[in-house]
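Residue numbers (this note's numbering): 3 to 313. These notes are about the structure you will find just below.
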């Protein structure tokens with residue numbers, strides 16, 4: 003009996019201790035948690051305020067003699083590496099191994115955006131729905147929608163004796179395939195005319211790594227195809243231009259007879275880069291006309307839409 007009573011008292015003591023412990027846990031622990039939550043939240047907020055967005059990656063370049071990489075280039079398959087070499091050197095893939103010197107980047111990214119000479123965004127172009135910019139010096143084009151760059155690529159502009167004109171143009175008419183008026187053997191695919199009088203256009207043709215056209219803007223096939231489907235044509239009413247097509251601004255000057263600008267990127271990785279401020283110095287002359295033509299096009303398209311609904 004004494005042994006049983008001793009055990010009973012032990013069990014009772016344990017239960018009492020557990021009850022007391024439970025009382026303190028449920029009585030005081032929630033309050034401590036409630037006090038800790040705001041502190042944790044404050045710490046989280048403080049950490050979030052200290053987050054720093056990553057800066058744009060800096061790409062460095064080096065020059066390599068094509069003869070030293072000829073075999074490697076011959077075996078190079080399509081992909082990001084080949085695409086990078088093509089756009090940086092402004093040339094078709096098959097021409098790379100035949101060039102004297104190539105520019106190699108120290109970083110290969112997905113696609114070609116890392117090597118764009120144009121800025122990602124231009125705030126002053128936010129009101130411009132569509133615009134294409136073409137640089138003589140950089141031998142490159144860029145496409146912007148509401149101030150954001152959505153595409154870029156290399157080009158081959160006019161040679162020293164047949165320079166591509168500069169200024170404000172528009173995509174007038176388009177053709178999937180047309181024949182040059184200068185030489186009937188020149189087949190121009192995915193053609194966008196930008197100067198109807200002079201016969202200047204943007205289209206697919208060979209890119210040799212320097213300005214070589216007779217005034218047109220040569221592009222890679224994929225780029226020309228993309229532009230053909232993206233750009234708007236003019237609208238003609240009663241023999242007059244009722245609405246202009248997509249604005250094209252060609253600017254700058256190429257240093258004919260001197261070293262190619264992109265070959266200078268080994269010493270200066272931004273040798274062919276164009277800042278937003280530099281672009282606006284060029285565009286301020288044309289911006290009011292671009293906005294005016296855009297508004298006029300909106301009116302013409304709205305009138306046509308209303309007319310179609312009535313019919």
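Idealized CB from N, CA, C, for every residue including glycine.
Same chain only: Cβ atoms within 7 Å of residue i, ignoring 5 sequence neighbours per side
i	result
residue 129	293
residue 114	85, 86 and 89
residue 1	Lying before the first or after the last residue shown, residue 1 is absent from the chain, which here runs from 3 to 313.
residue 112	82
residue 262	212
Which of helix, strand or coil DSSP assigns to residue i
i	result
residue 275	coil
residue 282	helix
residue 188	coil
residue 261	coil
residue 162	coil
residue 138	coil
residue 150	strand
residue 124	coil
residue 130	coil
residue 180	strand
residue 78	coil
residue 250	strand
residue 223	helix
residue 83	helix
residue 110	coil
residue 310	helix
residue 115	helix
residue 73	helix
residue 268	helix
residue 175	coil
Identity of the residues DSSP links to residue i by a beta bridge
i	result
residue 155	143
residue 242	239
residue 302	DSSP, once it has assigned bridges, lists no residue as partnering residue 302.
residue 67	103
residue 210	93
residue 197	202
residue 293	Answer by DSSP bridge pairing: none, since residue 293 is not bridged.
residue 170	251
residue 215	160
Burial state of residue i (16 or more Cβ within 10 Å)
i	result
residue 206	buried
residue 142	buried
residue 162	exposed
residue 192	buried
residue 59	exposed
residue 42	The pLDDT assigned to residue 42 is 45, lower than 50, so where the model puts this residue is not dependable, and the model offers no usable value.
residue 257	exposed
residue 225	buried
residue 72	exposed
residue 74	exposed
residue 241	exposed
residue 152	exposed
residue 157	buried
residue 100	exposed
residue 215	buried
residue 77	exposed
residue 222	buried
residue 295	buried
residue 310	exposed
residue 187	exposed
residue 199	exposed
residue 91	buried
residue 304	exposed
residue 183	exposed
residue 307	exposed
residue 174	buried
residue 259	exposed
Own chain, CB closer than 6 Å to residue i, minus 5 neighbours either side, in chain order
i	result
residue 126	282
residue 123	149 and 150
residue 79	none
residue 217	160, 164, 166 and 202
residue 133	146 and 249
residue 83	110
residue 62	108 and 271
residue 180	190 and 193
residue 254	137, 138 and 139
residue 302	237, 244 and 245
residue 268	63, 64 and 65
residue 135	144 and 251
Sequence-distant residues of its chain with Cβ nearer than 8 Å to residue i (five each side left out)
i	result
residue 171	196, 197, 202, 249, 250, 251 and 252
residue 103	65, 66, 67, 68 and 265
residue 230	176, 178, 192, 193 and 194
residue 121	151, 276, 277, 278 and 281
residue 299	234, 237, 245 and 246
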